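>
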DNA sequence: ATTAATTTTATCATTATGTAGGAATTTTAA
DNA sequence: TTAAAATTCCTACATAATGATAAAATTAAT
């Protein structure tokens, strides 16, 4: 299984800093023979994963845009949680975030901004590690014991830095506390001066699938405000999870 | 190059009708051995092109969402044309569309709706054939003679149905007329009772790269209105193309 | 519209890599 | 904690990938 990885490796080249690659540049970067490279690029282009225009090299193909659309419209979480989140963000003049767990990271899948005080850098399509910030940690708190174990060993330092505990027992305790409260708030773990308040979302089988959160400037809010918002967010999230249970996904 | 195609073939299974696939279902559909299939699925999953959750099978992975984001933020067309288009749509209480050419189809990459009278079904991520509708035909009109030839032979019927002419000479003439006017309007080619008014967008090398268009209900507009809007759209598109020329893409 | 230059694809002998089936392991669920 | 299920590993064998070159397609210029 080395060939397939080499094919897909080509996709890894494309980044925000360098979204366009000439054939020669790919050749230099990855070092295939010209005919092999042309073969690879044709396969990826035919699949819509790359596009090419004469004299302008290769860039990411339409398939990514099309499949993002497909994911968007088939995601029951967005359909259910989106409107409620928008309203919540508007009511509280803050930023609303809907995140999903993808293996060991957390991806923003929907966002609504209802304030100019925060420059939200967390739009649909941006991923974060599962360790920092309320929207991530509330997911972490609901992983199965087995999954937490598996995750902890190679990431002990990250857990420690995120103030979740310095050993597995400590981490378990912190996460258990988050579960007991039903919502979770952090300050400045992602952006300084910004508070995040998050609640967990469960899928139709009752497994953790994402988080529902509000992000607001730390200055204006008391811990009492945070508690009130936490309860609100948790209530909304719970309702969504229950609806999801009744109307199973496709 | 048969192996790689089989890998990517798996992605073709995922659709709006069936966004979730169990291993067994894929096995039935494509007929690899179990170990090979697991190997394929692991490769795709490691690459972020698929995700899997226990008991819920496989679905499209986070990479599509992340790369869509990347494409969105690195697309100079969206950056330049987006705001102007939004304003144009608002002013005229209609739907604004920004499309891009991807080989033989046209993809909507940005949309702004400023009316409730049309149910716009053309959001970011939706693709259409290059033959029907103003937003497509205006791109068709600016293909090179060679590309038009190549496209015509296997699609003569489609050209005819789209009323672009019944032979290559006729098609050339229709398209030449569109070029001469600088904008193009069609009625009901995509949605009955809906008028589309489009102008071409050229990249920094002067090649056709997309279209800029407004979509509005046919009832309320006179052909004089259409002409006025056409000139406006063409002017805006021209300005964008010129800006693009000065500020070359990454 | 024709022609020259460039880019892309096809061909084919050689060599390396993927495949399938069962065993071992990991992960989930009870 | 243990049993069940899902996933990955292992190896002999078959098959397809590779790269140099030739042919074709596409672009650019006249």
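Residue numbers (our numbering), protein chains in the order written: chain P, 1 to 250; chain H, 1001 to 1250.
From the three backbone atoms N, C-alpha and C, an ideal C-beta is built for every residue, glycine too.
Bear in mind the structure is a predicted one, so any value in this text is a computation, not a measurement.
Which stretch, first to last residue, makes up the beta strand (DSSP E) that contains residue 1214 of chain H?
From DSSP, the beta strand (DSSP E) with residue 1214 of chain H extends over 1208-1217.
> Taking 9 Å as the cut-off, decide whether the C-beta atoms of residue 1200 of chain H and residue 1158 of chain H are in contact.
No, the Cβ-Cβ distance between residue 1200 of chain H and residue 1158 of chain H is not below 9 Å.
> Within 10 angstroms of its Cβ, does residue 1052 of chain H collect 16 or more other Cβ (buried), or is it exposed?
So residue 1052 of chain H counts as buried.
> Which of the residues in the segment 1119-1133 of chain H, read from start to end, lie with their CB under 8 Å from any CB of chain P?
Per Cβ criterion, the list reads 1123, 1124, 1125, 1126 and 1127.
> What residue range does the alpha helix (DSSP H) around residue 224 of chain P cover?
Residues 223-246.
> How far does the alpha helix (DSSP H) with residue 1118 of chain H in it extend, from its first residue to its last?
Per DSSP, residue 1118 of chain H belongs to no alpha helix (DSSP H) and is neither H nor E.
> Using a cut-off of 8 Å between C-beta atoms, extract the partners of residue 1043 of chain H located in chain P.
The contacting residues are 1, 4, 5 and 8.
> I'd like to know if the segment 96-107 of chain P and the segment 135-146 of chain P are in contact, where contact means that at least 3 CB-CB pairs between them fall below 8 Å.
Counting Cβ pairs under 8 Å, three or more are found: they touch.
> Could you tell me the distance, in whole angstroms, from the CA atom of residue 1060 of chain H to the CA atom of residue 1010 of chain H?
Going from the Cα of residue 1060 of chain H to the Cα of residue 1010 of chain H covers about 10 Å.
> Is it a yes or a no for the segment 184-194 of chain P touching the segment 112-130 of chain P, going by three-plus beta-carbon pairs under 8 Å?
These segments touch.
> In the structure shown, what three-state DSSP assignment does residue 1051 of chain H receive?
Correct three-state label for residue 1051 of chain H: strand.
> Could you spell out the range, first to last residue, of the alpha helix (DSSP H) harbouring residue 82 of chain P?
Per DSSP, residue 82 of chain P belongs to the alpha helix (DSSP H) from 76-91.
> List, in order along the chain, the chain H residues whose C-beta lies closer than 8 Å to that of residue 38 of chain P?
Neighbours of residue 38 of chain P on chain H: none; closest Cβ ~10 Å, over 8 Å.
> Buried or exposed for residue 1241 of chain H, going by 16 or more other Cβ atoms inside 10 Å?
Buried, because 16 or more other Cβ atoms sit within 10 Å of the Cβ of residue 1241 of chain H.
> How would you list, in chain order, the residues of chain H whose beta-carbon sits under 8 Å from the beta-carbon of residue 102 of chain P?
Those within 8 Å of residue 102 of chain P in chain H are 1048, 1051, 1061 and 1062.
> With DSSP as the reference, label residue 36 of chain P as helix, strand or coil.
Looking at residue 36 of chain P - three-state DSSP - the assignment turns out to be helix.
> Leaving out the 5 sequence neighbours to the left and right, which residues in its chain are closer than 7 Å to residue 1013 of chain H when beta-carbon positions are compared?
Answer for residue 1013 of chain H: 1021, 1026 and 1029, listed in chain order.
> Using a beta-carbon distance below 9 Å, is residue 107 of chain P in contact with chain H?
Yes, contact with chain H.
> Which of the residues in the segment 1014-1027 of chain H, read from start to end, lie with their CB under 9 Å from any CB of chain P?
Residues 1014, 1015, 1016, 1017, 1018, 1019 and 1020.
> Where does the unbroken beta strand (DSSP E) through residue 197 of chain P begin, and where does it stop?
Where residue 197 of chain P is concerned, the enclosing beta strand (DSSP E) stretches over 194-202.
> Out of curiosity, what's the CA-to-CA distance linking residue 101 of chain P and residue 46 of chain P?
Distance between the alpha carbons of residue 101 of chain P and residue 46 of chain P is about 30 Å.
> Could you check where the alpha helix (DSSP H) with residue 6 of chain P kicks off and where it finishes?
3-12 is the extent of the alpha helix (DSSP H) around residue 6 of chain P.
> Could you confirm whether any beta carbon from chain H is found closer than 9 Å to the beta carbon of residue 56 of chain P?
So, interface residue.
> Please tell me whether residue 1030 of chain H has its Cβ less than 9 Å away from any Cβ of chain P.
So no, residue 1030 of chain H is outside the interface.
> Note down, in chain order, all residues in the segment 223-239 of chain P with a beta-carbon under 8 Å from any beta-carbon belonging to chain H.
Within the segment 223-239 of chain P, no residue has a Cβ that lies closer than 8 Å to any Cβ of chain H.
> What are the residues of the segment 1062-1081 of chain H that lie near chain P, defined by any Cβ-Cβ distance shorter than 7 Å?
Those would be 1062, 1064, 1065, 1066, 1067, 1068, 1069, 1070, 1071, 1073 and 1074, in chain order.
> How is residue 1111 of chain H classed by DSSP in three states: helix, strand or coil?
Residue 1111 of chain H falls in the strand class under three-state DSSP.
> For the segment 1193-1208 of chain H, list every residue whose C-beta sits within 8 Å of some C-beta in chain P, in sequence order.
The residues in question are 1203, 1205 and 1207.
> Output needed for residue 1183 of chain H: all residues of its chain with C-beta closer than 6 Å, excluding positions within five of it in sequence on either side, in chain order.
Taken in chain order, the residues that qualify are 1199, 1230, 1233 and 1234.
> I need the straight-line Cα distance from residue 1217 of chain H to residue 1202 of chain H, nearest angstrom please.
Between residue 1217 of chain H and residue 1202 of chain H, the C-alpha separation is close to 28 Å.
> Rounded to whole angstroms, what's the CA-CA distance from residue 37 of chain P to residue 1078 of chain H? Just pull it up for me.
Between residue 37 of chain P and residue 1078 of chain H, the C-alpha separation is close to 31 Å.
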